[in-house]
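*Asks:*
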Amino acid sequence: MAGAGAGLLATPIPILGKSIYTEELLNPGMAVAEKKVLADVALNTAKGLGASYADARIGRYLNQYVFTRENKVQNTVNTESFGIGIRVIANGTWGFSSTNDVTPDGIKKATELAVAVAKANSKIQTEDVVLAPTSGHGEVSWKTPIEKNSMAVPVSEKVDMLLEANSQAMENGADYITNVLFSVNEQKYFASTEGSYIDQDVHRIWPFMSITAVDKSTGKFKNRQGLGAPMGMGYEYMIPDASEEVQGAGGVTLYRNRYNLIADAVAGAKQAREMLTAPSVEPGKYDLVLEPNHLGLTIHESVGHPLELDRVLGYEANYAGTSFATLDKWKTKEFNYGNELVNLVADKTQKYSLGAVGYDDEGVACKKWDLVRDGILVNYQAIRDQVHMIDQSESHGCCYSQSWNDVQFQRMPNVSLEPGKEPYSINDMVKDVEKGIYLVGRGSYSIDQQRYNFQFGGTLTYEIENGEIKGMINDAAYQSNTQQFWNSCSKICDENDYRMFGSFFDGKGQPSQVSAVSHGCSTTRFDGINVINTGRNI
Amino acid sequence: MAIYSKSEAQEIMKRALSYSKADGCEINLSGSDSGNIRYARNTVSTAGARSNQQLVVQSNFGKKVGTATIEEFDEKSLEKVVRRSEELAQLSPESEEFMPPLGPQEYDESKMYSEKTAAIDPDYRASVAKASIEPAKAKDVTAAGFFEDYADFSTMMNSNGLFAYEQSTGMDFTVTMRSNDGSGSGWVTRDYNDVGYFDPAMASQIAIDKALESREAKAIEPGKYTVILEPAASVGLLRNMFGSFNARSADEGRSFMSKEGGGNKIGEKIVDERINVYSDPLNELAPASTWTGEGLPRKKTVWLENGVVKNLAYGRYWADQKGVAPLPFPSNAIMDGGDASLEDLIKDTKRGILVTRMWYIRTVDPQTLLYTGLTRDGTFYIENGRLKHPIKNFRFNESPIIMLNNLETLGKQVRVDGNLIPYMKVRDFTFTSLSDAV
Numbered sequence: 001m002a003g004a005g006a007g008l009l010a011t012p013i014p015i016l017g018k019s020i021y022t023e024e025l026l027n028p029g030m031a032v033a034e035k036k037v038l039a040d041v042a043l044n045t046a047k048g049l050g051a052s053y054a055d056a057r058i059g060r061y062l063n064q065y066v067f068t069r070e071n072k073v074q075n076t077v078n079t080e081s082f083g084i085g086i087r088v089i090a091n092g093t094w095g096f097s098s099t100n101d102v103t104p105d106g107i108k109k110a111t112e113l114a115v116a117v118a119k120a121n122s123k124i125q126t127e128d129v130v131l132a133p134t135s136g137h138g139e140v141s142w143k144t145p146i147e148k149n150s151m152a153v154p155v156s157e158k159v160d161m162l163l164e165a166n167s168q169a170m171e172n173g174a175d176y177i178t179n180v181l182f183s184v185n186e187q188k189y190f191a192s193t194e195g196s197y198i199d200q201d202v203h204r205i206w207p208f209m210s211i212t213a214v215d216k217s218t219g220k221f222k223n224r225q226g227l228g229a230p231m232g233m234g235y236e237y238m239i240p241d242a243s244e245e246v247q248g249a250g251g252v253t254l255y256r257n258r259y260n261l262i263a264d265a266v267a268g269a270k271q272a273r274e275m276l277t278a279p280s281v282e283p284g285k286y287d288l289v290l291e292p293n294h295l296g297l298t299i300h301e302s303v304g305h306p307l308e309l310d311r312v313l314g315y316e317a318n319y320a321g322t323s324f325a326t327l328d329k330w331k332t333k334e335f336n337y338g339n340e341l342v343n344l345v346a347d348k349t350q351k352y353s354l355g356a357v358g359y360d361d362e363g364v365a366c367k368k369w370d371l372v373r374d375g376i377l378v379n380y381q382a383i384r385d386q387v388h389m390i391d392q393s394e395s396h397g398c399c400y401s402q403s404w405n406d407v408q409f410q411r412m413p414n415v416s417l418e419p420g421k422e423p424y425s426i427n428d429m430v431k432d433v434e435k436g437i438y439l440v441g442r443g444s445y446s447i448d449q450q451r452y453n454f455q456f457g458g459t460l461t462y463e464i465e466n467g468e469i470k471g472m473i474n475d476a477a478y479q480s481n482t483q484q485f486w487n488s489c490s491k492i493c494d495e496n497d498y499r500m501f502g503s504f505f506d507g508k509g510q511p512s513q514v515s516a517v518s519h520g521c522s523t524t525r526f527d528g529i530n531v532i533n534t535g536r537n538i
Numbered sequence: 001m002a003i004y005s006k007s008e009a010q011e012i013m014k015r016a017l018s019y020s021k022a023d024g025c026e027i028n029l030s031g032s033d034s035g036n037i038r039y040a041r042n043t044v045s046t047a048g049a050r051s052n053q054q055l056v057v058q059s060n061f062g063k064k065v066g067t068a069t070i071e072e073f074d075e076k077s078l079e080k081v082v083r084r085s086e087e088l089a090q091l092s093p094e095s096e097e098f099m100p101p102l103g104p105q106e107y108d109e110s111k112m113y114s115e116k117t118a119a120i121d122p123d124y125r126a127s128v129a130k131a132s133i134e135p136a137k138a139k140d141v142t143a144a145g146f147f148e149d150y151a152d153f154s155t156m157m158n159s160n161g162l163f164a165y166e167q168s169t170g171m172d173f174t175v176t177m178r179s180n181d182g183s184g185s186g187w188v189t190r191d192y193n194d195v196g197y198f199d200p201a202m203a204s205q206i207a208i209d210k211a212l213e214s215r216e217a218k219a220i221e222p223g224k225y226t227v228i229l230e231p232a233a234s235v236g237l238l239r240n241m242f243g244s245f246n247a248r249s250a251d252e253g254r255s256f257m258s259k260e261g262g263g264n265k266i267g268e269k270i271v272d273e274r275i276n277v278y279s280d281p282l283n284e285l286a287p288a289s290t291w292t293g294e295g296l297p298r299k300k301t302v303w304l305e306n307g308v309v310k311n312l313a314y315g316r317y318w319a320d321q322k323g324v325a326p327l328p329f330p331s332n333a334i335m336d337g338g339d340a341s342l343e344d345l346i347k348d349t350k351r352g353i354l355v356t357r358m359w360y361i362r363t364v365d366p367q368t369l370l371y372t373g374l375t376r377d378g379t380f381y382i383e384n385g386r387l388k389h390p391i392k393n394f395r396f397n398e399s400p401i402i403m404l405n406n407l408e409t410l411g412k413q414v415r416v417d418g419n420l421i422p423y424m425k426v427r428d429f430t431f432t433s434l435s436d437a438v
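Heads up: the protein sequence lines correspond to chains A and B, in order. The first sequence finishes on residue 538 if you use this note's numbering, and the numbering steps up by one all the way, no holes. The second sequence finishes on residue 438 if you use this note's numbering, and the numbering steps up by one all the way, no holes.
1) What's the gap between the Cα of serine 512 of chain A and the Cα of tyrosine 360 of chain B?
2) Span of the beta strand (DSSP E) holding lysine 64 of chain B?
3) Within 8 Å of any Cβ in chain A, is that where the Cβ of lysine 14 of chain B sits?
4) Please state whether DSSP places lysine 300 of chain B in a helix, a strand or coil.
5) Are the segment 142-158 of chain B and the segment 308-321 of chain A in contact at 8 Å, needing three or more beta carbon pairs?
6) Return no unless some Cβ of chain B is closer than 8 Å to the Cβ of isoleucine 447 of chain A.
7) Between which residues of its own chain and glycine 106 of chain A is the CB-CB distance below 7 Å, once the five residues before and five after are set aside?
8) Mind checking the segment 350-371 of chain B against chain A and listing, in chain order, the residues whose C-beta falls within less than 9 Å of any C-beta there?
9) Going along the chain, which residues of the segment 152-174 of chain A sit with their C-beta nearer than 9 Å to a C-beta in chain D?
10) Considering only residues of the same chain and omitting the five flanking positions on each side of alanine 201 of chain B, which have a CB-CB separation below 6 Å?
11) With burial defined as no fewer than 16 other Cβ atoms inside 10 Å of the residue's Cβ, what is the status of isoleucine 538 of chain A: buried or exposed?
12) Please list the partners that valine 407 of chain A has in chain B, where partner means a Cβ-to-Cβ separation under 9 Å.
13) Quick check on the DSSP output: the alpha helix (DSSP H) that includes lysine 425 of chain B runs from which residue to which?
14) Restricting to Cα atoms, I'd like to know which of B/Glu216, B/Phe153, B/Val324 and B/Leu312 is closest to serine 5 of chain B.
15) Whole angstroms are fine: how far does the CA of proline 122 of chain B sit from the CA of serine 45 of chain B?
16) What does the alpha-carbon distance come out to for the pair glutamate 72 of chain B and aspartate 149 of chain B?
17) Rounded to whole angstroms, what is the Cα-Cα separation between glycine 358 of chain A and valine 364 of chain A?
18) Going along the chain, which residues of its own chain have a beta-carbon closer than 6 Å to the beta-carbon of lysine 265 of chain B, five neighbours each way excluded?
19) In chain order, which continuous runs of the alpha helix (DSSP H) of length 4 or greater are located wholly inside the segment 337-404 of chain B?
20) Please confirm if aspartate 181 of chain B has its CB atom under 8 Å from at least one CB of chain A.
21) For the beta strand (DSSP E) that proline 207 of chain A lies in, which residues bound it at each end?
22) Between the alpha carbons of arginine 373 of chain A and phenylalanine 526 of chain A, how many angstroms are there, rounded?
23) In or out: threonine 119 of chain B buried (at least 16 other Cβ within 10 Å) or exposed?
24) What are the start and end residues of the alpha helix (DSSP H) that includes aspartate 209 of chain B?
25) For asparagine 193 of chain B, would you say it is in contact with chain A, using Cβ-to-Cβ distances shorter than 8 Å as the test?
26) Using a beta-carbon distance below 8 Å, is proline 28 of chain A in contact with chain B?
27) Based on Cα-Cα distance, which residue from A/Val378, A/Val246 and A/Asn149 lies nearest to leucine 327 of chain A?
28) 8 Å is my cut-off, CB to CB: does leucine 404 of chain B come that close to chain A?
29) If you reduce the DSSP assignment to three classes, tell me which class asparagine 166 of chain A lands in.
30) Spatial neighbours of alanine 6 of chain A within its chain, please: CB distance less than 7 Å, with the 5 preceding and 5 following residues excluded, ordered by chain position.
31) Mind listing which residues of the segment 374-407 of chain B have their C-beta closer than 7 Å to chain A's C-betas, in chain order?
32) By a C-beta neighbour count over all protein chains shown, 10 Å radius and 16 as the cutoff for buried, is glutamate 86 of chain B buried or exposed?
33) Return the Cβ separation of proline 326 of chain B and leucine 296 of chain B in integer angstroms, given the expectation that the two are a contact with Cβ distance under 8 Å.
34) Rounded to the nearest angstrom, what separates isoleucine 206 of chain B and tryptophan 187 of chain B at their Cα positions?
35) Less than 8 Å separating the beta-carbons of glutamine 449 of chain A and glycine 268 of chain A?
36) Thinking C-alpha only, which one of B/Val56, B/Gly103, B/Thr43 and B/Phe61 is nearest asparagine 121 of chain A?
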């Protein structure tokens, strides 16, 4: 999503909450039994004021960000945000209020305000809220299956690792390097008037690296991004494991469910140096071989966003835009989003993914469902108050709020491309391409407000000629149209090549909220795509 | 109410500072009352209000720095937050780039506050939504919009005697109007510190007209075209260009502002000689903050004069390294314009394209400041001095440096996103592909 933004500078990384001691990140917070008593204050108050439905989310959101550049620690930030958000339906209309005064009195006042907001807005509401039924789950819990809580790892250990990576990158040709480690823990308690009391402990981690090589004599500089992904994992992701490394084409090492930051820093420094003298791409039509940590972002923009039902219906028209994937196309049951090789699934349960939870932020048990099956558009992403608009009776379970003090709404689940069914490796794929380009990792990206026309680049780009990697190239970006692109898919590597890309701060809504989401796929080939040369002489 | 007066804020910070035992201590206190309303499909979707306040203490022992934050300001909490920042500082690694707190500074009186904006209530916000929705419905158009207002204060005090205080208000409004047949879309944006300047009905009408006029757009070939850029269209590219006005990244050799062979481009002509850009916190139409979060005063500063780079921003650390005075990033950009109205610019154009807005702008090559993005919500073909017909949206790949070198005419200035930007006519703007998006 593009930010609108004010002023002259880029949008900063969102840092929510107050700063705390590192040790407090391990404090267990309020006991579940106490949360239940407090949540019931909200639910009972709402019902007493005539609300037909209410839910309460007591949330404790912990973040730790460690920033380094070259041989320096720039900053270490620990934050905690704790409060309650109460959402009600009164007079057929939503109302929401939140408070960090998590006491019976504070909650009662906030609930009264939520009901008042609902009643006030009901005067200008034209259609009553219709909620798809969901069963009450009783008292249940869910936890990200982590092996090592990142919040329990001393900052000094993280700093040592980041500075070691920086030092090795500098020794291997980097002029500058930024290395940041983000760790997130959402402790969320959800209760609703339908009998759910859900306690969840969600963990995410993201090592972000950017390496710059400079040639001062020519005034040229090149950047290479790290090839690690944000994951729904603990600190175990940062512990290298050779069995989780994947050899890509062109000698590039890629990572599945474990990352080797230091090895990637060394490789990245050498590659950034190599970019300084690599030739510029010849524009034209190429067969593209897209590596998962690259294709994930294309999936995010060209499949994830256009199939959000609120976009399709016009609720996001003023900010992110609407969608080409309109209801009339879906209703034909024969709209070729892609060709028959293309199967795109939404999944809120995928292990290690950023979007994995047991229950969404309105208490619906999470699941996996088809969006595109055998190339045909078969479904959207919808939550409880939307599914009736596509004649369905069950929410997909993809409602999310970034915090206790923001109202929950439909957010993108993990959306992934299923791997090919026949054994087929990246080497097989390169061998089969006569004139192609292999793109690795995240580069520039842009797509229109209805998700037709897009342009993407990679962090590493290689030319393929007659079945072999010819060498690294610069200035390549591909432009295509979503439907044409997915219909030009000609081959997908098998599950051995499957990995996840992630977006840690995906923005949507006004006021904007962030969420984190993964996109899995294997290396995939797309034929005859237009590649432009982005080099300019100024 | 989260807004403290100058004397109330001073009192709280003085009490907090009295607990400091560190080599240096700096306190930032801020608070905000804000409200918003969002609508779509010609009905209100959400509305909210938020009030918050925060006190941030930064303590240092030498170059070891710790920061702690608190939302309650009783005596016990104030002492606790200062102690906590000191303990964190003792535990932290040395920050090589830390600069000690500044001494007393002189600041201009900010012009960002308006009583009228501070008094906005939910009824006013609802009336903004109504002023969009009702005329839209009457024209078979669907409105989706967002209005947000705030009143806030920020203040700082440190152990070296610095004190700064400022109040501000503001509002931002955007609305997208789509014709109900799905073939036309229009958009408008308005932002002011003083809501007295804002006319929601008039703004909404511009978007409605664009939605209706942009129906049934025709495709024309991508390529290089003369364009008339509304200020809301060019501001995104200009904002990105100003992001590179940073001395450190230039000196480090990794910016468009880096000079071949080393150093930076201060003194070099980079764009057409008619381009003059400065920042001025005291501008009446687009006022900005008169000091930075570090306590540096913001003064009128020229960035581009007759197309020549006059200044780059220096943070305190980099200024110290280079032996120059620190110069903060601008908080507004004021680009000199001309007398021509939009109508005049269109009248003087034989063949060209009018662009309402650019969307999803992303860096393609930081070396040349090449950006890609798309036109959106009202793109029109101009022939022989008049708008001939709407055209389909384009993707562009263009650098604001090339754009400002290809300047034909500067028109009148308009406030957009807190800046003053003129209408511009530019030749050879590079559109690289067509988009079907409406």
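C-beta: ideal position from N, C-alpha, C; glycine also.
*Replies:* In short, the structure shows the following:
1) Taking the first sequence and counting its residues from 1, one reaches residue 512 of chain A at position 512. Taking the second sequence and counting its residues from 1, one reaches residue 360 of chain B at position 360. Roughly 15 Å between the two C-alpha positions.
2) The residue labelled residue 64 of chain B in the question sits at position 64 within the second sequence. Start and end: 64-70.
3) As a working mapping, residue 14 of chain B is identified with position 14 in the second sequence. Under the 8 Å criterion on CB atoms, lysine 14 of chain B is classed as non-interfacial with respect to chain A.
4) To locate residue 300 of chain B, count along the second sequence from 1; it is residue 300. Coil.
5) Counting Cβ pairs under 8 Å, three or more are found: they touch.
6) On the first sequence, position 447 is the one that residue 447 of chain A refers to. Interface residue, yes.
7) For this step, residue 106 of chain A is matched to residue 106 along the first sequence. Excluding residues within five positions, the ones whose Cβ falls inside 7 Å are Thr99.
8) Listed by position along the chain: Trp359, Tyr360, Ile361, Arg362, Thr363, Val364, Asp365, Pro366, Gln367, Thr368, Leu369, Leu370 and Tyr371.
9) Of the protein chains in this structure, namely A and B, none is chain D.
10) Working through the second sequence from its first residue, we reach residue 201 of chain B at position 201. Closer than 6 Å at Cβ, skipping near neighbours: Ala131.
11) Position 538 of the first sequence, counting from 1, holds the residue named residue 538 of chain A. Flag for isoleucine 538 of chain A reads exposed.
12) Position 407 of the first sequence holds residue 407 of chain A. Near valine 407 of chain A (Cβ distances below 9 Å), the residues of chain B are Thr46 and Gly48.
13) To locate residue 425 of chain B, count along the second sequence from 1; it is residue 425. First-last for lysine 425 of chain B: 419-434, but that is the beta strand (DSSP E), not the alpha helix (DSSP H).
14) Counting from 1 along the second sequence, the entry for residue 5 of chain B is found at position 5. The option with the nearest alpha carbon to serine 5 of chain B is B/Phe153.
15) Counting from one through the second sequence, the residue named residue 45 of chain B turns up at place 45. Counting from one through the second sequence, the residue named residue 122 of chain B turns up at place 122. When only Cα atoms are considered, serine 45 of chain B and proline 122 of chain B end up about 14 Å apart.
16) On the second sequence, residue 72 of chain B is found 72 positions in, with the first residue counted as 1. On the second sequence, residue 149 of chain B is found 149 positions in, with the first residue counted as 1. The straight-line gap separating the alpha-carbon atoms of glutamate 72 of chain B and aspartate 149 of chain B is approximately 24 Å.
17) Locating residue 358 of chain A in the first sequence gives position 358, counting from the first residue. Locating residue 364 of chain A in the first sequence gives position 364, counting from the first residue. Distance between the alpha carbons of glycine 358 of chain A and valine 364 of chain A: 9 Å.
18) In the second sequence, counting from the first residue as 1, residue 265 of chain B sits at position 265. Once the five neighbours on either side are set aside, the close Cβ partners of lysine 265 of chain B are Met257, Lys259 and Val309.
19) Segments of the alpha helix (DSSP H) lying fully in the segment 337-404 of chain B: 342-347.
20) Translated into the one-based positions of the second sequence, residue 181 of chain B becomes position 181. With 8 Å as the cut-off, aspartate 181 of chain B does not count as an interface residue toward chain A.
21) What you label residue 207 of chain A is simply residue 207 of the first sequence in a count that begins at 1. According to the DSSP assignment, proline 207 of chain A belongs to the beta strand (DSSP E) that extends over 196-215.
22) Numbered from 1 along the first sequence, position 373 holds the residue referred to as residue 373 of chain A. Numbered from 1 along the first sequence, position 526 holds the residue referred to as residue 526 of chain A. So the alpha carbons of these two residues sit roughly 18 Å apart.
23) Residue 119 of chain B sits at position 119 when you count from the first residue of the second sequence. Reading off the sequence shown, one finds alanine at residue 119 of chain B, where the question assumed threonine. Alanine 119 of chain B is exposed by the Cβ-count criterion.
24) If you number the second sequence from 1, residue 209 of chain B lands on position 209. Taken as a continuous stretch (DSSP letters only), the alpha helix (DSSP H) holding aspartate 209 of chain B covers 200-213.
25) Within the second sequence, the letter at position 193 stands for residue 193 of chain B. So no, asparagine 193 of chain B is outside the interface.
26) Counting from 1 along the first sequence, the entry for residue 28 of chain A is found at position 28. No, no contact with chain B.
27) Counting from 1 along the first sequence, the entry for residue 327 of chain A is found at position 327. Nearest C-alpha to leucine 327 of chain A among A/Val378, A/Val246 and A/Asn149: A/Val378.
28) Along the second sequence, one-based indexing puts residue 404 of chain B at 404. No, leucine 404 of chain B lies away from the interface with chain A (no Cβ there is under 8 Å from its Cβ).
29) What you label residue 166 of chain A is simply residue 166 of the first sequence in a count that begins at 1. Helix at asparagine 166 of chain A.
30) One-based indexing of the first sequence puts residue 6 of chain A at position 6. Here the model assigns alanine 6 of chain A a pLDDT of 28, short of 50, so the residue's position is not dependable, and the following value carries that caveat. No residues qualify anywhere along the chain.
31) Answer set for the segment 374-407 of chain B: Leu374, Arg376, Asn393, Arg395, Asn397, Ser399, Ile401 and Ile402.
32) In the second sequence, counting from the first residue as 1, residue 86 of chain B sits at position 86. So glutamate 86 of chain B ends up on the buried side.
33) Sequence index remark: in the second sequence, residue 326 of chain B carries index 326 (1-based). Sequence index remark: in the second sequence, residue 296 of chain B carries index 296 (1-based). Confirmed, about 6 Å.
34) Here residue 206 of chain B is taken as the residue at index 206 of the second sequence, counted from 1. Here residue 187 of chain B is taken as the residue at index 187 of the second sequence, counted from 1. If you take the alpha carbons of isoleucine 206 of chain B and tryptophan 187 of chain B, they lie about 8 Å apart.
35) In the first sequence, counting from the first residue as 1, residue 449 of chain A sits at position 449. In the first sequence, counting from the first residue as 1, residue 268 of chain A sits at position 268. No, they are not a contact pair.
36) What you label residue 121 of chain A is simply residue 121 of the first sequence in a count that begins at 1. The option with the nearest alpha carbon to asparagine 121 of chain A is B/Thr43.
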